[in-house]
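So the structure is just underneath, and the comments pick up after that.
2 protein chains.
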Amino acid sequence: MQQIKALIFDVFGTLVDWRTSIAREAGQALAPLGLTVDGLAFADAWRAQYQPAMEEVRAGRIPFCKLDRLHRRNLDVVLADFGLNAVDETVRQRLNLAWHRLDAWPDVSAGLHALRRHYRLAPCSNGNISLMVDLARRNDFPWDAILGADVARDYKPKPAVYLAAADAFDLRPDEVMMVAAHSSDLAAAAAVGLRTAFIARPDEYGPGLGESAATVPVDVSAGNLVELAETLGTTRSSSC
Amino acid sequence: MQQIKALIFDVFGTLVDWRTSIAREAGQALAPLGLTVDGLAFADAWRAQYQPAMEEVRAGRIPFCKLDRLHRRNLDVVLADFGLNAVDETVRQRLNLAWHRLDAWPDVSAGLHALRRHYRLAPCSNGNISLMVDLARRNDFPWDAILGADVARDYKPKPAVYLAAADAFDLRPDEVMMVAAHSSDLAAAAAVGLRTAFIARPDEYGPGLGESAATVPVDVSAGNLVELAETLGTTRSSSC
Chain A
1 MQQIKALIFD
11 VFGTLVDWRT
21 SIAREAGQAL
31 APLGLTVDGL
41 AFADAWRAQY
51 QPAMEEVRAG
61 RIPFCKLDRL
71 HRRNLDVVLA
81 DFGLNAVDET
91 VRQRLNLAWH
101 RLDAWPDVSA
111 GLHALRRHYR
121 LAPCSNGNIS
131 LMVDLARRND
141 FPWDAILGAD
151 VARDYKPKPA
161 VYLAAADAFD
171 LRPDEVMMVA
181 AHSSDLAAAA
191 AVGLRTAFIA
201 RPDEYGPGLG
211 ESAATVPVDV
221 SAGNLVELAE
231 TLGTTRSSSC
Chain B
241 MQQIKALIFD
251 VFGTLVDWRT
261 SIAREAGQAL
271 APLGLTVDGL
281 AFADAWRAQY
291 QPAMEEVRAG
301 RIPFCKLDRL
311 HRRNLDVVLA
321 DFGLNAVDET
331 VRQRLNLAWH
341 RLDAWPDVSA
351 GLHALRRHYR
361 LAPCSNGNIS
371 LMVDLARRND
381 FPWDAILGAD
391 VARDYKPKPA
401 VYLAAADAFD
411 LRPDEVMMVA
421 AHSSDLAAAA
431 AVGLRTAFIA
441 RPDEYGPGLG
451 ESAATVPVDV
461 SAGNLVELAE
471 TLGTTRSSSC
């Protein structure tokens, strides 16, 4: 564990509560139009389109494009499914950027600031750079760099995304720890040699509907990022 | 000017004093071997290899690789030219990372912190991501993201590097201002639609041997980054 020099983070679900944030944003976007929607159902439906859209890129059926564009394509589908075709272009554009206005889980900023004393930090998300920048400014995430899909030009869990992040920091994969609330993400990172930390987010998809424990072998598990900082701090006291 | 939403920065020469820093690092690296060198001459010789090496990439004669690798190839040439072939591999590796240990001009950190209140900030340098991260940690540069050559997979002044930086922030070129102490860099940025700010670094290549005034049309000129923040602050008082 002492050889770890950088931590890279999944963001949606691990650092930010996309579900209640998107529900709030959907309500706020539609209210001025006199429209109402079940915000949580809308968030779940939008998120359900996420993996299939990225799979188009991962499988090579469409060229890489930033996540904002996939989110927009998915938004149009979901609005239609919810009978909201009347929503105009201006509102669609603003609502699509709801993913730039997600709120962090309460432990994240403090945890990242503590971890930053010992490790280089970057998101390794499928979100695009501008989306990551906006979330960082909103929630005080002290990143050293923005890594992830835009730098690798492909989407997790493709190996290139994790390996591009390690390469950007000039580190071997086993000098980098992937931090995520999703076992599938950690399994993919471990498969290409990264160390792994699981963070429990048991309410990500609604109360009791997130992962409360990893279903794959991981190097570390913690209940939140402050706990992770405490756990890693006991194994590494020098500054990076 | 009020439409500017992000500032992107040249780094070597504009933000950091590479010449005296490299001179210091060369001396420190060689002293334990009982070797001495004219540090400033060594720095100038190493820097003289910089543009020709990148031109190999820009012209397509070799694939893109990160600047650390070009610096290392150039270092081996310069060590030979200075009769220092005896320098061993371990010392070469450490000396090559001297570019990660450059000191900022004294105005830079304060200027960037002031500018960050109103603009998104990123380096748009030919230096690689890890190099930019190390300089930021050493000198307290509060970047939102690390943009530049590694993200564009090509070297300035190729248009793709400036345009990739604007695209990463989801901005039109005319919403982004390139900040540099080199007229050639600003001319290339302006040619693809960016706004430009010239910073005087009259001592970059030695006393009186840097650019003290732009030789091309620019939108703004300033003596340092604190002055730039004051100039831009008068035209834009709202937070971003």
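Line order of the protein sequences matches chains A and B.
Residue 235 in my numbering sits at position 235 of the first sequence, with consecutive numbering throughout.
Residue 424 in my numbering sits at position 184 of the second sequence, with consecutive numbering throughout.
The beta carbon of each residue, even a glycine, is placed where N, CA and C say it ideally should be.
{"query": "Could you tell me whether the Cβ of Val16/A comes closer than 7 Å to any Cβ of chain B?", "result": "no"}
{"query": "In chain order, what residues of the segment 409 to 434 of chain B put their CB closer than 7 Å to some CB of chain A?", "result": "Phe409, Asp410"}
{"query": "So with CB distances below 9 Å, who are the chain A contacts of Val331/B?", "result": "The contacting residues do not exist; Val331/B stays about 18 Å from chain A at best."}
{"query": "DSSP state of Phe42/A, grouped into three classes?", "result": "helix"}
{"query": "Between the C-alpha atoms of Asp384/B and Leu307/B, what's the straight-line distance to the nearest angstrom?", "result": "21 Å"}
{"query": "What span of residues does the alpha helix (DSSP H) with Leu465/B cover, start to end?", "result": "465 to 473"}
{"query": "Just confirm the distance between the C-beta atoms of Leu213/B and Ile439/B, as a whole number of angstroms; I'd bet it's less than 8 Å.", "result": "Lying before the first or after the last residue shown, residue 213/B is absent from chain B, which here runs from 241 to 480."}
{"query": "Determine the chain A residues that contact Ile302/B at a beta-carbon separation under 9 Å, and present them in chain order.", "result": "Residues of chain A passing the Cβ test: none, with the nearest at roughly 18 Å."}
{"query": "Tell me, please, whether the segment 179 to 186 of chain A touches the segment 134 to 150 of chain A by the rule of three or more beta-carbon pairs shorter than 8 Å.", "result": "no"}
{"query": "Spatial neighbours of Val57/A within its chain, please: CB distance less than 6 Å, with the 5 preceding and 5 following residues excluded, ordered by chain position.", "result": "Phe64, Tyr155"}
{"query": "Would you call the segment 81 to 99 of chain A and the segment 108 to 124 of chain A in contact, with 3 or more CB pairs under 8 Å?", "result": "no"}
{"query": "To which residues of the same chain is Ile62/A closer than 8 Å at the C-beta, ignoring the five residues directly before and after it?", "result": "Glu56"}
{"query": "Step through the CB atoms of chain B and report whether any lies within less than 7 Å of the CB of Ser130/A.", "result": "yes"}
{"query": "Would you kindly work out how many angstroms separate the C-alpha atoms of Asn128/A and Gly446/B, rounded to a whole number?", "result": "41 Å"}
{"query": "Does Val456/B have its Cβ less than 7 Å from a Cβ in chain A?", "result": "no"}
{"query": "Hey, Pro457/B and Val432/B are a contact pair by Cβ (cut 8 Å); roughly how many whole angstroms apart?", "result": "That pair is no contact at about 15 Å."}
{"query": "Just how far apart, CA to CA, sit Leu310/B and Ser130/A?", "result": "29 Å"}
{"query": "Since Leu319/B and Ser261/B are thought to touch, with beta carbons under 8 Å apart, how far apart are those beta carbons, to the nearest angstrom?", "result": "At roughly 18 Å, the Cβ-Cβ gap does not stay under 8 Å, so Leu319/B and Ser261/B are not in contact."}
{"query": "Return no unless some Cβ of chain B is closer than 7 Å to the Cβ of Ala114/A.", "result": "no"}
{"query": "Do three or more CB pairs link the segment 242 to 255 of chain B to the segment 273 to 284 of chain B at distances below 8 Å?", "result": "no"}
{"query": "How would you label Asn325/B, buried or exposed, when you count the other beta carbons within 10 angstroms and need 16 or more for buried?", "result": "exposed"}
{"query": "Give the range of the alpha helix (DSSP H) segment to which Val151/A is assigned.", "result": "149 to 152"}
{"query": "With 7 Å as the threshold, decide whether the Cβ of Ala145/A is near any Cβ in chain B.", "result": "yes"}
{"query": "Under the DSSP definition of a beta bridge, which residues are partnered with Phe252/B?", "result": "Val256/B"}
{"query": "Name the chain A residues whose beta carbon is nearer than 9 Å to that of Asp390/B?", "result": "Val151, Ala168"}
{"query": "Where does the unbroken alpha helix (DSSP H) through Met482/B begin, and where does it stop?", "result": "Here chain B has residues from 241 to 480 only, and residue 482/B is not among them."}
{"query": "Name the chain B residues whose beta carbon is nearer than 8 Å to that of Ala136/A?", "result": "Asp384"}
{"query": "What's the C-alpha gap between Leu171/A and Val37/A?", "result": "47 Å"}
{"query": "Among Asp88/A, Thr90/A, Phe141/A, Ala104/A, which one has its Cα closest to the Cα of Ala114/A?", "result": "Phe141/A"}
{"query": "Out of Pro397/B, Asn314/B, Ser365/B, which has the shortest C-alpha to C-alpha gap to Leu387/B?", "result": "Ser365/B"}
{"query": "Please look up how many angstroms separate the CB atoms of Ala404/B and Ala420/B, rounded, as I've assumed it's under 8 Å.", "result": "Not confirmed; about 17 Å, so no contact."}
{"query": "Using only alpha-carbon positions, find the residue among Leu75/A, Asp81/A, Asp167/A, Phe169/A that is nearest to Glu25/A.", "result": "Leu75/A"}
{"query": "What is the rounded straight-line gap between the Cα of Asp414/B and the Cα of His358/B?", "result": "16 Å"}
{"query": "In terms of residues, what are the limits of the beta strand (DSSP E) holding Met54/A?", "result": "From DSSP, Met54/A is part of no beta strand (DSSP E) but of the alpha helix (DSSP H) over 50 to 58."}
{"query": "Are any of the Cβ atoms in chain A nearer than 7 Å to that of Lys245/B?", "result": "no"}
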